[in-house]
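Q: The structure follows.
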Amino acid sequence: MIPARTTLLLAAALLALPAAAAPRQAASAPTPEETAAFLATRPDGLKPYWANLWAGGERNAVLNFQRLGLAAMQLGDFATAEKAFDAALLRIEGVYGNNRLAARARSTFAREANKDFKGEPYERAMAYYYRGLLYLRAGDYGNARASFKNAEFQDSVSESEEFQADFAAMNYLIGWSTRCMGGSDGAADFAAAARAQPGITMPPRDHNLLLVAETGAGPIKLQDGALREKLVFRRREANPPEQQALFQFAASGGPAVVAAQPVSSLAFQATTRGGRAIDGILKGKASFKATTGGIANAAFNAGFALMGNGRDNSNAGAVLAGVGALFALFSSAARAEADVRYWDQLPETLGLATTVAAAADPVDVRFINGDGRPPSPPAALMQGGDASCRIVWARSRTALVPGDVRGDDDRVRASVARRRDTAARNRQLREALMQM
Amino acid sequence: MRIFVTLLLLAATAATPALAQRRGQGAVDVNPMAPGPVSGTGIEMRDIIAMSDTIVRDLMQRADITGTAVPPRIILEGARIRNQSSQRLDTDLFSDQLRSNLMRAAAGKLRFLSRESIQDVLDERDRKRQGQADVGTRGLTKAVAGGDYRLIGRITSQDARNNDNGMTQRATQVVFELVDMENAETVYISQPFVVVRAQRDDIVYR
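As you go down the protein sequences, you meet chains W and Z in turn.
Quick note on this note's numbering: the first sequence kicks off at 40 and runs consecutively.
Quick note on this note's numbering: the second sequence kicks off at 56 and runs consecutively.
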């Protein structure tokens, strides 16, 4: 005979099993003192981006590292930019296995925004693109090429892909990096760029300077559809890109002015795969909701019809109506909303050109606006490489954007942050940030 | 009985994934020759060690290279290992492994030239000859040493993805060659090291 007290303890132990296995709510936010101490050592211009990273946790870490990296590039803090993009790419390349949040994001009853952000293919490609530019600046052409190859690959990995390898700028940059490595002229890669974007030509052999111009503001993400289950991309029509980017040189053998040729549009990259891709991950949720909703209606109707037929059928009718109610409950619990967090610093257009220039040639960049305003100077400018392979990169729009992650769902963010497993991961992230 | 129940309670509350994750994971030593807890589809340290080991064994068996009366001089630099793969790599990982293991195994049968230090060497030679530094203890030479062979390498890769299940696969190939720096002859080429790895995310990323 087991004593009553032992029985009680056993019962308590059994009750503790699921409670211990389930994630409990936990405070994961750092204290104001910890935050202040962390930010005290960061440069003023980058403090907002470090602060977002510090508070945003692993769920938004990729996006916040990307924002920090691009802001650092604009401010000329290339060491920070390299570390930030390396950290973002490490997470993009990482694989989730038995991850609780990944499981939640797959769940029909949790919002897609639960998952850690890795971005759409065009956003992942751009993270590799910026890392590649930083490698070109440092003269590490092998790793620059590897980065651009990954950028091109990311652009072609969405489900049911139809537009394989159509990111012409990446093909062009692979070709340029190949040439910079020596031993090959990169003809195959320039040809691939020309197939994706007719009009692109292979740079002459004596060209030693790559000019990269980013104009306009990149696409934004919105929810669409009856269940807000559809992810759509929109160009910022009210804020069109600059018409032309001109690189002006103090003449020393090459042409005085070189115009960048628009090569790739990010809105095009997003929309040629975005619509189909969203069907891949969200179709199940949307279909489930539509299907269960249909079953619920059918069960309700059949159940009430049977109940109205008399006493013999009323029990069966009640059961069917109950089944209908159950499916209706499942249907209302399904969370199909698309995740619309997006990288808000991206440009709309990538322009490229090459020329001949001596290492000492100063370069001046002007962006021509289509509305009659005078040409504007670049918001960001980076130069580097070596005498045989120089690079000048310029942006028309500032990357120093204010605020936190665009498109984030505050309720999901708060809910995820309260989870105890999230708190542990975020604490580890903050410990890693303190070492950066 | 009470002890049993207490142990049961402890086991119930401690041995759960949630608690294990909450505690985090401290640093652990990982065998460099075994797959670690974090693995990807690309080249890993264990691959580099295995390649280096094979090349050392190959060269030690070549009497025409390591059995000559005068040890040949070899130039080996990370910059001459071309990374044409889609994996971002520090090629010094390869050159440092090779140089270190070859020097130790050859025990004087091979000599290595540090072209990475050439500018430092030239500067020091200038200082000695201009009287800013004495001649040292090893005497002066007419010129810096010339190389007999250069060990070069190439890393290439091919990526593939299954769009039905999201599985990604990367095939990486690494080949090293020893080139005679007088007549351009390739006197040794390693077996192609081929690594093919595949992985799939636990979550769909479009």
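Note that CB positions come from ideal geometry on N, CA and C, so glycine has one too.
As a quick exercise: from W/A177, W/M209, W/P280, W/Y169, pick the residue whose alpha carbon is nearest that of W/I239.
A: The residue given as residue 239 of chain W occupies position 200 in the first sequence. Of W/A177, W/M209, W/P280, W/Y169, the residue nearest in Cα terms is W/M209.
Q: Which value, in whole angstroms, describes the spacing of the CA atoms of W/Q474 and Z/I120?
A: The sequence position of residue 474 of chain W within the first sequence is 435, counting from 1. The sequence position of residue 120 of chain Z within the second sequence is 65, counting from 1. Approximately 47 Å, taken between the alpha carbons.
Q: Would W/T254 pass as a contact of W/P279 if the rule is Cβ separation under 7 Å?
A: For the purposes of this step, residue 254 of chain W is identified with residue 215 of the first sequence, where counting begins at 1. For the purposes of this step, residue 279 of chain W is identified with residue 240 of the first sequence, where counting begins at 1. Not in contact: W/T254 and W/P279 (Cβ atoms no closer than 7 Å).
Q: Where does the unbroken alpha helix (DSSP H) through W/E253 begin, and where does it stop?
A: Within the first sequence, the letter at position 214 stands for residue 253 of chain W. First-last for W/E253: 248 to 254, but that is the beta strand (DSSP E), not the alpha helix (DSSP H).
Q: Within a Cβ cutoff of 8 Å, which residues of the same chain sit near W/V296, ignoring the five residues on either side of it in sequence?
A: Within the first sequence, residue 296 of chain W is the residue found at index 257, counting from 1. So the list reads L285, F286, Q287, F288, once near-sequence residues are dropped.
Q: Would you list the one or two residues that DSSP bridges to W/D263?
A: Here residue 263 of chain W is taken as the residue at index 224 of the first sequence, counted from 1. Answer by DSSP bridge pairing, in chain order: W/K269.
Q: For Z/D214, would you say it is in contact with chain W, using Cβ-to-Cβ distances shorter than 7 Å as the test?
A: Locating residue 214 of chain Z in the second sequence gives position 159, where the first residue counts as 1. Closer than 7 Å: yes.
Q: In the DSSP assignment, find the unbroken alpha helix (DSSP H) run with Z/T96 in it and report its ends.
A: The residue given as residue 96 of chain Z occupies position 41 in the second sequence. Segment: none, Z/T96 is in no alpha helix (DSSP H) and carries neither H nor E.
Q: With 7 Å set as the bound, which would you pick, yes or no: does the beta-carbon of W/G96 sit closer than that to a beta-carbon of chain Z?
A: For the purposes of this step, residue 96 of chain W is taken as residue 57 along the first sequence, with counting starting at 1. Answer no: the Cβ-Cβ gap between W/G96 and chain Z never drops below 7 Å.
Q: Report yes if the C-beta distance between W/W382 and W/E162 is below 7 Å; otherwise report no.
A: If you number the first sequence from 1, residue 382 of chain W lands on position 343. If you number the first sequence from 1, residue 162 of chain W lands on position 123. In contact: W/W382 and W/E162 (Cβ atoms closer than 7 Å).
Q: By Cβ distance below 6 Å, which residues in the same chain neighbour Z/K183 in space, the five residues on each side in sequence not counted?
A: Looking up residue 183 of chain Z in the second sequence gives position 128. If we look at Z/K183 and ignore the five residues flanking it on each side, its Cβ neighbours are V190.
Q: Have a look at the DSSP bridge pairing and note the partners of W/Y381.
A: Here residue 381 of chain W refers to the residue found at position 342 of the first sequence. In the DSSP output, where bridge partners are listed per residue, W/Y381 has W/R445.
Q: Going along the region 141 to 152 of chain Z in order, which residues come within less than 9 Å of chain W, judged by CB to CB distance?
A: Listed by position along the chain: S141, Q142, R143, L144, D145, T146.
Q: Short of 8 Å Cβ to Cβ, which residues in the region 116 to 130 of chain Z face chain W?
A: Here the close residues number zero.
Q: Rounded to the nearest angstrom, what separates W/P414 and W/S435 at their Cα positions?
A: Position 375 of the first sequence, counting from 1, holds the residue named residue 414 of chain W. Position 396 of the first sequence, counting from 1, holds the residue named residue 435 of chain W. Distance between the alpha carbons of W/P414 and W/S435: 10 Å.
Q: Under the three-state reduction of DSSP, which class applies to W/A397: helix, strand or coil?
A: To locate residue 397 of chain W, count along the first sequence from 1; it is residue 358. In the structure shown, W/A397 sits in coil (DSSP, three-state: anything other than H, G, I, E or B).
Q: List, in order along the chain, the chain W residues whose C-beta lies closer than 7 Å to that of Z/G95?
A: Stepping through the second sequence from its first residue, residue 95 of chain Z is reached at position 40. Chain W residues near Z/G95: E132.
Q: Output yes if chain C places a C-beta closer than 7 Å to the C-beta of W/A185; else output no.
A: Absent from the structure: chain C. Protein chains present are W and Z.
Q: In the DSSP assignment, what residue or residues form a beta bridge with Z/V250?
A: For the purposes of this step, residue 250 of chain Z is taken as the residue at position 195 of the second sequence. According to DSSP, Z/V250 bridges with Z/T227.
Q: What are the start and end residues of the beta strand (DSSP E) that includes W/V296?
A: As a first step, residue 296 of chain W is located in the first sequence; it is residue number 257 there, counting from the start. Looking at the DSSP string, the run of the beta strand (DSSP E) that includes W/V296 is 296 to 298.
Q: Which one of W/V302, W/P69, W/V440 has the shortest CA to CA distance from W/P237?
A: Residue 237 of chain W sits at position 198 when you count from the first residue of the first sequence. It is W/V302 whose Cα lies nearest to the Cα of W/P237.
Q: Is the CB of W/A398 under 7 Å away from at least one CB in chain Z?
A: Position 359 of the first sequence, counted from the start, is the residue given in the question as residue 398 of chain W. Output row for W/A398: interface = no.
Q: I need the boundaries of the alpha helix (DSSP H) containing W/M220, first residue and last residue.
A: Here residue 220 of chain W refers to the residue found at position 181 when the first sequence is read from its first residue. Looking at the DSSP string, the run of the alpha helix (DSSP H) that includes W/M220 is 207 to 220.
Q: So, are the CB atoms of Z/L157 and Z/V111 less than 7 Å apart?
A: For this step, residue 157 of chain Z is matched to residue 102 along the second sequence. For this step, residue 111 of chain Z is matched to residue 56 along the second sequence. Going by C-beta atoms, Z/L157 is nearer than 7 Å to Z/V111.
Q: Is the separation between the beta-carbon of Z/N138 and that of Z/L131 shorter than 7 Å?
A: Here the question's residue 138 of chain Z lines up with position 83 in the second sequence. Here the question's residue 131 of chain Z lines up with position 76 in the second sequence. No.
Q: What are the start and end residues of the alpha helix (DSSP H) that includes W/A462?
A: Stepping through the first sequence from its first residue, residue 462 of chain W is reached at position 423. That run of the alpha helix (DSSP H) goes 459 to 474.
Q: Along chain Z, in chain order, which residues have C-beta atoms closer than 7 Å to that of W/F192?
A: Here residue 192 of chain W refers to the residue found at position 153 of the first sequence. What W/F192 touches in chain Z: S141, D214.
Q: Are the C-beta atoms of W/K188 and some chain Z residue less than 7 Å apart?
A: Within the first sequence, numbered from 1, the residue matching residue 188 of chain W stands at position 149. W/K188 counts as touching chain Z.
Q: According to DSSP, is W/M165 part of a helix, a strand, or is it coil?
A: Within the first sequence, numbered from 1, the residue matching residue 165 of chain W stands at position 126. Residue state, collapsed to three classes: helix.
Q: With 16 other CB atoms within 10 Å as the buried threshold, where does W/G424 fall?
A: Counted from its first residue, the first sequence places residue 424 of chain W at position 385. By the 10 Å Cβ count, W/G424 comes out buried.
Q: Count the other C-beta atoms from every protein chain shown that fall within 10 angstroms of the C-beta of W/L250, then say buried if there are 16 or more, exposed otherwise.
A: Taking the first sequence and counting its residues from 1, one reaches residue 250 of chain W at position 211. The residue in question, W/L250, is buried, as its Cβ has 16 or more Cβ neighbours within 10 Å.
Q: Can you grab the Cα-Cα spacing for the pair W/R145 / W/E376, in whole Å?
A: Taking the first residue of the first sequence as position 1, residue 145 of chain W is located at position 106. Taking the first residue of the first sequence as position 1, residue 376 of chain W is located at position 337. Reliability of the predicted coordinates at W/R145 is poor, the pLDDT of 48 falling under 50, and the value obtained from them is presented with this limitation in mind. If I take the Cα positions, the gap works out to 12 Å.
Q: Can you list, in chain order, the residues of its chain with a C-beta nearer than 7 Å to that of W/R275? Leave out the 5 residues immediately preceding and following it.
A: If you number the first sequence from 1, residue 275 of chain W lands on position 236. So the qualifying residues of the chain are A256, I259.
Q: Sort out for me which residues DSSP pairs W/G424 with in a bridge.
A: Taking the first residue of the first sequence as 1, we reach residue 424 of chain W at position 385. BP columns for W/G424 point to W/R429.
Q: Applying a beta-carbon distance threshold of less than 8 Å, which residues of chain W neighbour Z/R137?
A: In the second sequence, the residue the question calls residue 137 of chain Z occupies position 82. Near Z/R137 (Cβ distances below 8 Å), the residues of chain W are G181, M220, G222.
Q: Would you report the Cα separation of W/Q467 and W/F77, rounded to the nearest angstrom?
A: In the first sequence, the residue the question calls residue 467 of chain W occupies position 428. In the first sequence, the residue the question calls residue 77 of chain W occupies position 38. Distance between the alpha carbons of W/Q467 and W/F77 is about 14 Å.
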